[in-house]
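Structure record follows, encoded as structure tokens.
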Amino acid sequence: MANRSVVLDTETTGMPVTDGHRIIEIGCVELIGRRLTGRHFHVYLQPDRESDEGAIGVHGITNEFLVGKPRFAEVADEFFDFIQGAQLIIHNAAFDVGFINNEFALMGRHDRADITQHCSILDTLLMARERHPGQRNSLDALCKRYGVDNSGRELHGALLDSEILADVYLTMTGGQTSLSLAGNASDGNGSGEGSGNRATEIRRLPADRPRGRIIQASEAELAEHQARLDIIAKSAGGPALWTQLLEAQQ
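The opening residue of the sequence shown carries number 1 in UniProt numbering; numbering runs sequentially from there.
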């Protein structure tokens, strides 16, 4: 499916992977057409080694907790089926991709030991650095910048972080991050200091909510829209953001 993305995160016993560190948690959420589908993949893994104390301090996953959990080889096919053919959206992708490739290599699946041959990769850390040079671009920093609720993130967790990253990615690539029509001024006209500048927290609507009525654009409206995009492209010397997003989803 051309417009399918998987937001992915891992937790590990430590770093770097070249020191024999392993994956202990994988969390993924699915996006289709820039909408969360509710499908996810999540598993804790027995790494057959102990985690560094520093790593445990980050994610809180103890060695005792992982006793009896499946090994990567036991879930490898299910995981691969979930990500195959998708665009993987990862914050600091080199880290997670390196560990995933290593896990497939250790089990002798060298045909899968380079997941870039099976998935495209979008690194939100690199994207954020391009958009906000010289600023902090950690996941927590991006949540604050874009008004994404990360209040439950006391420790790192692969599934929670992938859910938060999905919200950050959708906000970061969607253009406008807030819609403040009334403003915050006491006189109600939106002219006070700071009015319209605060991003509203991103909170998901319930999946079972009543769906709104979809009104399709007419042929004449579509033609006018395309004409406007052509004017923007000519003026800017390149395609409009709307056009770039549509091309990225195809």
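C-beta atoms are modelled at their ideal positions from N, C-alpha and C, and glycine is treated no differently.
Q | Identified DSSP bridge partners for Val67 | A | Looking at the DSSP assignment, Val67 forms no beta bridge with any residue, so it has no partner.
**Q.** Three-way DSSP call (helix, strand, coil) for Glu193 in this model
**A.** The predicted model places Glu193 with a pLDDT of 39, which falls under 50 and marks its position as unreliable; any figure quoted below should be read in that light. Glu193: coil per DSSP, three-state reduction.
Q) When the Cβ atoms of the stretch 135-150 are set against those of the stretch 44-61, are three or more pairs found closer than 8 angstroms? A) Three or more beta-carbon pairs separated by less than 8 angstroms are not found between the stretch 135-150 and the stretch 44-61, which leaves the two stretches without contact.
Q. What three-state label does DSSP hand Cys119 in the structure shown?
A. Note: Cys119 maps to coil in three-state DSSP.
Q) Per DSSP, which one or two residues make a beta bridge with Gln87? A) The partner list for Gln87 (beta bridge, DSSP) reads Ser5 and Ser120.
Q | Cα-Cα separation, Leu8 to His42 | A | Leu8 and His42 have their C-alpha atoms spaced approximately 10 angstroms apart.
(Q) I need the boundaries of the beta strand (DSSP E) containing Arg145, first residue and last residue. (A) Taken as a continuous stretch (DSSP letters only), Arg145 belongs to no beta strand (DSSP E), being part of the alpha helix (DSSP H) at Leu139 to Tyr146.
Q. Rounded to whole angstroms, how far is the Cβ of Ala76 from the Cβ of Arg49, which I believe are closer than 8 angstroms?
A. Cβ-Cβ separation between Ala76 and Arg49: approximately 18 angstroms, too far for a contact (criterion under 8 angstroms).
Q.
Which residues does DSSP list as the beta-bridge partners of Glu25?
A. Per DSSP, Glu11 and Tyr44.
Q. Looking at Phe99 and Ile23, is the spacing between their C-beta atoms short of 7 angstroms?
A. In contact: Ile23 and Phe99 (Cβ atoms closer than 7 angstroms).
Q: Count the other C-beta atoms from every protein chain shown that fall within 10 angstroms of the C-beta of Leu139, then say buried if there are 16 or more, exposed otherwise.
A: With 16 or more other Cβ atoms from the protein chains shown falling within 10 Å of its own Cβ, Leu139 counts as buried.
Q | Delimiting residues of the alpha helix (DSSP H) encompassing Pro161 | A | What sits at residue 161 in the sequence shown is Asp, not Pro. Ala158 to Thr173 is the extent of the alpha helix (DSSP H) around Asp161.
Q: Would you mind sorting residue 253 into buried or exposed? The rule is 16 or more other CB atoms within 10 Å of its CB.
A: Absent from the structure is residue 253, since the part of the chain shown begins at 1 and ends at 250.
Q: Please classify Thr37: does DSSP put it in a helix, a strand, or coil?
A: Strand, per DSSP.
Q.
Measuring alpha carbon to alpha carbon, tell me which residue in Met172, Gly54 and Arg4 is nearest Glu130.
A. Taking each of Met172, Gly54 and Arg4 in turn and checking the Cα distance to Glu130, the smallest one comes out for Met172.
Q) For Ala105, does the three-state DSSP call read helix, strand or coil? A) Residue state, collapsed to three classes: helix.
Q. Can you tell me where the alpha helix (DSSP H) with Ile215 in it begins and where it stops?
A. Judged by DSSP secondary structure, Ile215 falls outside any alpha helix (DSSP H); it is assigned neither H nor E.
(Q) Given this structure, state the Cα-to-Cα distance separating Gln244 from Lys69, to the nearest angstrom. (A) Approximately 43 angstroms, taken between the alpha carbons.
Q: Could you tell me whether the Cβ atoms of Thr18 and Asp96 are closer together than 7 angstroms?
A: By the CB criterion at 7 angstroms, Thr18 and Asp96 fall outside the cutoff.
Q.
Taking 7 angstroms as the threshold (beta carbon to beta carbon), is Arg4 in contact with chain D?
A. Here chain D cannot be found, since the structure has a single protein chain.
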